[in-house]
Amino acid sequence: MEVSSHSSPGGAAAVPRAVQREILHQIGSAVDRLEIDNNTRDQKIENIRAEGSRSACQIKAIEAENLRRKEERYDLSVALGQAESKMDEQIKEVKSRTAGACKTAQEAADTAKEARLVATRASDNTEALKLDLAQVKSKLQKREYTQKLEEARQLPSVDNSRLKLWS
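Each position in the sequence shown, counted from 1, maps to that position plus 409 in the numbering used here.
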């Protein structure tokens, strides 16, 4: 066994070369493992950062979607309010028209009643006039008859038997 001429920092006796090689080999292996662990750790950190970045992007996308939906709800709410207001105006207008139509219909019904009354009165008046006309005709006929009878009496050629027939 060879002995190194170098002394250890603590002033201990020299370490044989084979032991030194083994120690160096183990130190090298440990360093390699540490580097691999470091690389793995760095890769894991990068993976976590990438995952965090993706998650942050997803969160921002979700927040943007929520904001868009909130704006859509607001727009829909405004549109709904406008539609409700317009419908309320139209309902008021229809009610007003309906009230006007009802009033007009009532006035038409009242006018129809008045027209029926006037027609009934006219019919009654017509009947009364017919009766009056019949009475006037009857009186005129009697008068004409009486006049003809008087004229016939005054005629010398008519005998009394004919006069009795006419009367």
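Idealized CB from N, CA, C, for every residue including glycine. Everything numeric in this text was worked out from a predicted model, so none of it was measured.
Boundaries of the alpha helix (DSSP H) harbouring A510: 426 to 563, taken from the DSSP string.
In this structure, the beta-carbon distance from V424 to I432 falls below 9 angstroms. CA-to-CA, the gap between N475 and Y483 works out to about 12 angstroms. Non-local C-beta neighbours of I471 in its own chain, meaning closer than 8 angstroms and more than five positions away in sequence, are absent.
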